[in-house]
Amino acid sequence: RMKGQETVFSIRRILVALDASLPSRHVLEAAIDLAQKLEAELLGLFVEDMNLLRLAELPFARVSALATEKRPLDSPSMARALKVQAERVQRMLESMAQQAQVRWSFRIVRGDVASAVLAASTEVDLLALGRISRPLTKQVRLGSTARTVATRASRPVLILSQGRCVGQPVLLIYDGSPGTKAVLSLAASLVSILGSRLVVLLPADGPDLARHYQAEVEEWLEGKGVSVRYHSLPHLDLPGLISAVRGEGGGLLVLSSHSPLLQGEGVQKLLEELDCPVLLIR
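FYI, the numbering for the sequence shown is 9 to 290, going by our numbering.
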């Protein structure tokens, strides 16, 4: 039985990975909005990217990632540019967090960006980051940092899109497996905290199995005061999930990171096709 298997969802500290780009500002806005609703502390992380510093050491390097025009950069110049960026990001975080009355702290580390984010994430309850860090092309592609963190983090990871805060509804897949039961517990807690509504996607080969899954969900949600709606999926595949989420108008998709849908290139395909926030949990 599902009763007695409830997982307490408690988010007290949120890590948000930042740089000085406009997409990063949008990610920060969404993270602050969530921290305010959850009454959580926000930890801003700025990583001095060792790859940029190594690039600047090359004799032919002309780096434009941190400047408005291309010009030769040596390692000391790049280090100074990163310091200026970090100071700008800290001022942005301080201003926005104080306005929202959110507790905050800020940290600067040097190293590989994905590795640094993963290391810092062990100190928090939730990690928030954008799909891309610097959009160098018009094509929307999942950034390497987001892809690495999404597949390797030991904490829940919230992947955000530019200009999209966590909104309604909260969506999840339920197929009766232990992983989806944990997702249901977390999603129901979020619905109660955020004052949202819940949409449960039921993958089933026939109406009998769909009714069975629905009965399990209703038993678990009994007495919790959660508004829920059900949506049957004839087949459990990535295109069907993406279509169902789009049909609901987006919101927040909560998934187990162990879902078969996310194996191989599944994470990248899902996050490139959907522009709504996606929360991956272990």
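Virtual Cβ for every residue (Gly too), placed ideally from N, Cα, C.
Measure from the C-beta of residue i to each C-beta in chain B and report whether the shortest distance is under 7 angstroms.
i	result
S123	Annotation note: the requested chain B is absent from the structure, which comprises a single protein chain.
As a quick exercise: from the options, pick the residue whose alpha carbon is nearest that of residue i.
i	options	result
D41	L270, R139, V125, L101	L101
G214	S197, S193, L241, V208	L241
D133	I22, S169, P268, E227	I22
L192	Q222, G175, D245, V121	Q222
M58	M86, R33, Q44	M86
L137	H243, V236, S32	S32
K232	I201, S18, L249, R219	I201
S264	P84, T188, V117	T188
E256	V236, D216, L269	V236
D245	E226, P268, E224	P268
S18	H266, L229, L198	L198
S185	H220, R20, A94	H220
R111	R20, A212, A218	R20
G258	G175, H34, Q271	G175
Q271	A127, H34, A158, Q93	A158
H243	A218, V92, A212	A212
R62	V92, G119, A94	G119
G34	L217, R139, D216	The sequence given here places His at residue 34; Gly does not occur at that position. The shortest Cα separation from H34 among L217, R139, D216 belongs to R139.
Determine the contact status of residue i and residue j, defining contact as a CB-CB distance below 7 angstroms.
i	j	result
D234	A190	The sequence given here has Val at residue 234, not Asp. No, these two residues do not count as a Cβ contact at 7 angstroms.
V207	P164	no
D283	S169	yes
A89	C173	no
R160	Q276	no
Q44	A108	yes
L135	I289	no
C238	L278	What sits at residue 238 in the sequence shown is Tyr, not Cys. Not closer than 7 angstroms, so no.
L26	R115	no
L260	V253	no
T153	V121	yes
E273	I250	no
How many whole angstroms separate the CB atoms of residue i and residue j, which I take to be in contact at a CB cut-off of 8 angstroms?
i	j	result
V125	A28	Not quite, the Cβ-Cβ distance comes to about 16 angstroms (not below 8 angstroms), so this is no contact.
L36	V24	6 angstroms
L166	P285	6 angstroms
S162	T130	7 angstroms
For the ligand HEM, is there any heavy atom lying closer than 6 angstroms to the beta carbon of residue i?
i	result
L168	The ligand HEM is not part of the structure shown, which contains no ligands of any sort.
Review point. Between the stretch 176-186 and the stretch 47-64, are three or more C-beta pairs nearer than 8 angstroms?
Key: As far as the Cβ criterion goes, the stretch 176-186 does not touch the stretch 47-64, which means the pair count is below three.
Check your understanding: Enumerated in chain order, which unbroken segments of the beta strand (DSSP E) with a length of 3 residues or greater are wholly contained in the stretch 106-136?
Key -> Runs of the beta strand (DSSP E) lying entirely within the stretch 106-136, each at least 3 residues long, are 112-119 in chain order.
Exercise for review: Enumerate, from N- to C-terminal direction, the unbroken beta strand (DSSP E) stretches of 3 or more residues contained entirely within the stretch 231-285.
Suggested key: Runs found: 236-241, 260-264.
Check your understanding: In chain order, which alpha helix (DSSP H) runs of at least 4 residues are fully inside the stretch 169-211?
Key -> Restricted to the stretch 169-211, the alpha helix (DSSP H) segments that are unbroken, complete and at least 4 residues in length are 186-202, listed in chain order.
**Study point:** alpha helix (DSSP H) runs contained entirely in the stretch 15-64, provided each spans 4 or more residues
**Key:** Qualifying alpha helix (DSSP H) stretches, in chain order: 30-46.
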